[in-house]
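Numbering-wise (this note's numbering), the sequence shown opens with residue 64 and increments by one.
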Amino acid sequence: MLVRMTTNADTAASAATPAPADGKPRRRRAPAGAAVLREDVTEAIRAAVFEELASVGYARMSIEGIARRAGVGKTAVYRRWRSKLHLVLDLVSAIAVQGLPAPDTGSLEGDLRLLYEVTSRALRHPVAGQIIPDLQAEAARNPEIADAMQAALREGQQSVASGIVASAVARGEIREGVDVELALDLMSGPLYWRSVVVRGPKVPKAYLPSLARATAAALKAL
Numbered sequence: 064m065l066v067r068m069t070t071n072a073d074t075a076a077s078a079a080t081p082a083p084a085d086g087k088p089r090r091r092r093a094p095a096g097a098a099v100l101r102e103d104v105t106e107a108i109r110a111a112v113f114e115e116l117a118s119v120g121y122a123r124m125s126i127e128g129i130a131r132r133a134g135v136g137k138t139a140v141y142r143r144w145r146s147k148l149h150l151v152l153d154l155v156s157a158i159a160v161q162g163l164p165a166p167d168t169g170s171l172e173g174d175l176r177l178l179y180e181v182t183s184r185a186l187r188h189p190v191a192g193q194i195i196p197d198l199q200a201e202a203a204r205n206p207e208i209a210d211a212m213q214a215a216l217r218e219g220q221q222s223v224a225s226g227i228v229a230s231a232v233a234r235g236e237i238r239e240g241v242d243v244e245l246a247l248d249l250m251s252g253p254l255y256w257r258s259v260v261v262r263g264p265k266v267p268k269a270y271l272p273s274l275a276r277a278t279a280a281a282l283k284a285l
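This is the structure:
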């Protein structure tokens with residue numbers, strides 16, 4: 064019955080519409096007012112989220128505060144994300160996809176040193192230094208954030224670690240069949256422990272080269 068009623072209504076509407084004088088079918092016009100998500104507005108909102116997280120933390124962060132910081136209305140935010148949780152999950156997942164560039168210096172120790180230099184700079188950034196610990200605390204209470212953090216902090220590093228190991232194996236520096244998971248723990252553990260968990264002062268100048276040398280020796284011993 065519902066289908067028949069709809070069909071009859073459509074037929075009646077077509078009959079009430081006069082045909083064009085030239086007999087050619089009219090081209091349908093696109094509906095007016097269709098929302099177009101501008102990329103510059105989306106990027107402004109993403110930047111505002113990072114700033115808001117660093118300023119007030121996840122618990123006190125609000126859509127109103129994000130919109131105000133981005134210079135847009137709340138509707139612009141809600142058109143893109145349903146809630147602040149979905150917004151943060153989207154950003155964290157994007158970090159995981161981007162990952163880090165795979166070093167290719169020609170030696171295992173050189174690759175590790177470059178990786179540590181890039182990672183250390185990123186972790187020392189004031190925004191990252193405030194956001195990561197805050198989201199880790201939220202992850203202990205929210206499984207969705209925990210899953211996203213796991214992807215961002217581990218999967219992003221996983222692809223880089225795999226590339227470094229594969230290159231070292233090809234050069235004969237590491238034996239074939241090495242445990243990549245264990246290699247990842249050896250590569251990433253010390254720096255994340257110092258920068259994210261302990262949150263100590265800036266690492267000494269000689270620390271990263273020493274760490275790269277020690278990690279390379281450990282990987283060769285696996």
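The beta carbon of each residue, even a glycine, is placed where N, CA and C say it ideally should be.
First through last residue of the alpha helix (DSSP H) which encompasses residue i
| i | result |
| --- | --- |
| residue 276 | 270-283 |
| residue 250 | 243-255 |
| residue 177 | 171-187 |
| residue 118 | 102-123 |
| residue 126 | 126-133 |
| residue 206 | 206-213 |
| residue 138 | 137-141 |
Under 8 Å between C-beta atoms of residue i and residue j
| i | j | result |
| --- | --- | --- |
| residue 220 | residue 247 | yes |
| residue 128 | residue 140 | no |
| residue 283 | residue 237 | yes |
| residue 183 | residue 254 | yes |
| residue 245 | residue 274 | no |
| residue 102 | residue 152 | no |
| residue 243 | residue 225 | yes |
Span separating the alpha-carbon of residue i from that of residue j
| i | j | result |
| --- | --- | --- |
| residue 223 | residue 279 | 15 Å |
| residue 276 | residue 174 | 10 Å |
| residue 167 | residue 227 | 8 Å |
| residue 136 | residue 130 | 6 Å |
| residue 240 | residue 150 | 40 Å |
| residue 261 | residue 203 | 18 Å |
| residue 211 | residue 234 | 34 Å |
| residue 201 | residue 142 | 25 Å |
| residue 147 | residue 105 | 14 Å |
| residue 112 | residue 179 | 27 Å |
| residue 272 | residue 187 | 17 Å |
| residue 171 | residue 165 | 12 Å |
| residue 126 | residue 109 | 12 Å |
| residue 270 | residue 205 | 35 Å |
| residue 181 | residue 122 | 30 Å |
| residue 169 | residue 100 | 44 Å |
| residue 257 | residue 138 | 41 Å |
Own chain partners of residue i with C-beta closer than 7 Å, once the 5 adjacent residues on each side are dropped
| i | result |
| --- | --- |
| residue 195 | 259 |
| residue 145 | none |
| residue 115 | 124, 128, 129, 132 |
| residue 281 | 249 |
Chain-order list of residues whose beta-carbon lies under 8 Å from that of residue i (same chain, five-residue window excluded)
| i | result |
| --- | --- |
| residue 295 | Residue 295 cannot be examined here, being either before or after the span of the chain that is shown, 64 to 285. |
| residue 107 | 133, 134, 135 |
Cutoff 6 Å; reference residue i; Cβ partners in own chain excluding five residues on either side
| i | result |
| --- | --- |
| residue 232 | 239 |
| residue 265 | none |
| residue 251 | 220 |
heavy atom of the ligand SAH below 7 Å from residue i C-beta
| i | result |
| --- | --- |
| residue 168 | The ligand SAH is absent from the structure shown, which contains no ligands of any kind. |
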